[in-house]
Amino acid sequence: MTDEEKIKAMRLARAIASDISLYNEQKIIKGIEQDNLFEVLKEELEEGRELYKSRVSQEVFTTANFFERAINDIVLRSKAHVKSKIW
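Numbering-wise (our numbering), the sequence shown opens with residue 34 and increments by one.
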């Protein structure tokens, strides 16, 4: 995996995570408050992961966790102000 592939994959993952966050803000807040975020966003996360998988090499997909990291950074950390028992 080249550095260029890594950079492109990280950018793609962050773009997908940003879209998920933007278009599902209320679901995300409710999921964090009720501690069932991944259940609430199951379809959106699966769709995002499939899109990511279809646009990166198999090596990138299987050896790097860029998509999951982007979900944590963009979807979760940006909502750290939401009251929840998970933090």
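The beta-carbon is built from N, C-alpha and C at its ideal position, and this holds for glycine as well.
1. Would you decide whether VAL56 is buried or exposed? Buried here means 16 or more other CB atoms lie within 10 Å of its CB.
2. ILE49 to SER87, Cα distance in whole Å?
3. In three-state DSSP terms, what is ASN57?
4. Use the C-beta contact count for ILE107: other C-beta atoms within 10 angstroms, 16 or more gives buried, fewer gives exposed.
5. For VAL89, which residues in the same chain have their Cβ closer than 7 Å to its Cβ, ignoring the five residues on either side in sequence?
On the basis of the data shown:
1. Counting from 1 along the sequence shown, the entry for residue 56 is found at position 23. Note that residue 56 corresponds to Tyr in the displayed sequence, not to Val. Its Cβ having fewer than 16 others within 10 Å, TYR56 is exposed.
2. For the purposes of this step, residue 49 is taken as the residue at position 16 of the sequence shown. For the purposes of this step, residue 87 is taken as the residue at position 54 of the sequence shown. Their Cα atoms are separated by approximately 12 Å.
3. Counting from one through the sequence shown, the residue named residue 57 turns up at place 24. Coil, per DSSP.
4. Start at 1 with the first residue of the sequence shown, and residue 107 comes out as number 74. Answer is buried; the Cβ neighbour count reaches 16.
5. On the sequence shown, position 56 is the one that residue 89 refers to. Only ALA42 and LEU45 meet the Cβ criterion.
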